[in-house]
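Working notes for the structure below.
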Amino acid sequence: MPELPEVEVVRRGLAKNASQFLIVDAKISHPRTSRHMVGGPHALEQALRGRTVLGWAVRGKYLWGVLDNDRALVVHLGMSGQMLVHLGGRVYNKHERAVLIGQNKVLQFVDQRTFGYMRVEEFAAGLKGVPAGRGDSDERLPVSLAHVGRDVLDPNLDLERVSWLAKHSNRAIKAILLDQTVASGVGNIYADESLWLSGVHPLRRGSELTKPKIRAVYQSAREVMVRALAEGGTSFDSLYVNTSGEAGYFARSLAAYGRAGQPCLRCGQALKKIVVAGRSSTVCVRCQKAPRGSLAAHTG
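This is how it looks when you write it as structure tokens:
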């Protein structure tokens, strides 16, 4: 599933190529794409026709277009969602699930696995002057995203509050990293990368870590994501691409995720694969010391 850097890459492409975008017509071709919209495909089409997308914003793994009638077009990319901008006419794609047709361009939602979705909804109330989503947004979040915490690239993320929440939790630090209500945008890839970079074992409980160490974990996540953004995000196949259909290449720079059995780039020890909070994790048992009593060091 695309994480914050990949969604931010898509947002930047949409902000550049599909802002002030008048939707002349909208067609939803798969029912799962509108499954969260009351009234289904027809209702979503009706809510979009004749509307102008003023700009695009993001928080964590969520993307939305700001519509000219004070509504949000929320887009979740799911496992394989793509937002492709085509100048001129419509381009055939067998995995097209929705298409927004403008006067001189087409915005196409392609989703091979159909876990993604689109819906139009109201904004939640907010305080003036306090940005809730980066990009072309005002102070508000779409209603369905009101529970999502600020993401790790947000300059307004309160690391003191994040470290306090983590410190008062007995969950594994990786589970806390994946909790989108604490700080959003981190998934399995960047959790492994940030924990490796900060030298923290994913099974360490938040309550066992010092607040400075917890802040270091989140600062590492920010550092890794900034580097990932510079390389267009992480792509392992053709499912994640930017709005021009191009894949990112940060996968070449990964230090931990997906490298089980390969040498640690810091110490040379073979990385190990373990399971944390139901998710696979790659760790260096030398650089990331397992908590006392853990079986992690004996997991293949």
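According to our numbering, the residues represented by the sequence shown are 2 to 301, in order.
We treat Cβ as the ideally placed atom computed from N, Cα and C, and that holds for glycine.
Bear in mind that the values here come from a model prediction, so they are computed numbers and not experimental data.
task: Pick out whichever of 283, 269, 13 has its Cα sitting closest to the Cα of residue 203.
output: 283
query: Starting from residue 177 and walking both ways along the alpha helix (DSSP H), at which residues does that stretch end?
result: 174-179
query: Relative to the alpha-carbon of residue 1, which residue among 289, 103, 121 has its alpha-carbon at the smallest distance?
result: No information on residue 1 is available, as it lies outside the stretch 2 to 301 that the chain covers here.
task: Leaving aside the five residues before and after residue 197 along the sequence, list all residues of the same chain whose C-beta is less than 6 Å from its C-beta, in chain order.
output: The answer, listed in chain order, is 256, 257.
message: Contact defined as beta carbons within less than 8 Å: I believe residue 107 pairs with residue 18. What is the distance between those atoms, to the nearest angstrom?
response: Contact doesn't hold; Cβ gap of about 11 Å is too wide.
query: On the three-state DSSP scale, how would you describe residue 132?
result: Low confidence applies to residue 132: its pLDDT is 40, below 50, so where it sits in the model is not reliable enough to give any reading.
- request: Quick one: which unbroken beta strand (DSSP E) runs of 3-plus residues sit fully inside the stretch 223-294? Chain order, please.
  value: 273-277, 280-284
- request: Answer yes or no: do residue 39 and residue 233 have a C-beta to C-beta separation smaller than 7 Å?
  value: no
task: Indicate the three-state DSSP secondary structure (helix, strand or coil) for residue 216 in the structure shown.
output: helix
query: When the distance is taken between beta carbons, is residue 97 closer than 7 Å to residue 111?
result: yes
message: With three or more beta-carbon pairs closer than 8 Å as the criterion, would you say the stretch 51-58 touches the stretch 18-30?
response: yes
query: Does the stretch 207-220 come close enough to the stretch 241-248 that 3 or more CB-CB pairs lie under 8 Å?
result: no
message: Here's a check: name, in chain order, each residue in its chain whose Cβ is nearer than 6 Å to the Cβ of residue 166, leaving out the five neighbours to either side.
response: 183
- request: Specify, as a first and last residue, the run of the alpha helix (DSSP H) that residue 8 falls within.
  value: 5-18
field: Strand pairing of residue 102, partner residues [DSSP]
entry: 26, 107
query: How would you label residue 169, buried or exposed, when you count the other beta carbons within 10 angstroms and need 16 or more for buried?
result: exposed
field: Sequence-distant residues of its chain with Cβ nearer than 7 Å to residue 200 (five each side left out)
entry: 288, 289
- prompt: What is the residue span of the alpha helix (DSSP H) that residue 162 lies within?
  reply: 160-168
query: Excluding sequence positions up to five away, which residues of its chain have a Cβ less than 6 Å from the Cβ of residue 49?
result: 24, 27
- prompt: Would you call the stretch 64-80 and the stretch 152-166 touching, i.e. three or more CB-CB distances under 8 Å?
  reply: Judged by Cβ distances under 8 Å, the stretch 64-80 makes no contact with the stretch 152-166, as fewer than three pairs qualify.
- prompt: In whole angstroms, what is the alpha-carbon distance linking residue 64 and residue 33?
  reply: Roughly 18 Å separates the two Cα atoms.
field: Buried versus exposed, by CB contacts within 10 Å (16 or more), residue 189
entry: buried
query: Which first and last residues belong to the beta strand (DSSP E) in which residue 191 is found?
result: In the DSSP assignment, residue 191 falls outside any beta strand (DSSP E) and lies within the alpha helix (DSSP H) extending over 189-199.
Distance between beta carbons of residue 186 and residue 163, contact taken as under 8 Å: Taking a contact as a CB-CB distance under 8 Å, the pair residue 163 and residue 186 does not count as one, their CB atoms being some 12 Å apart.
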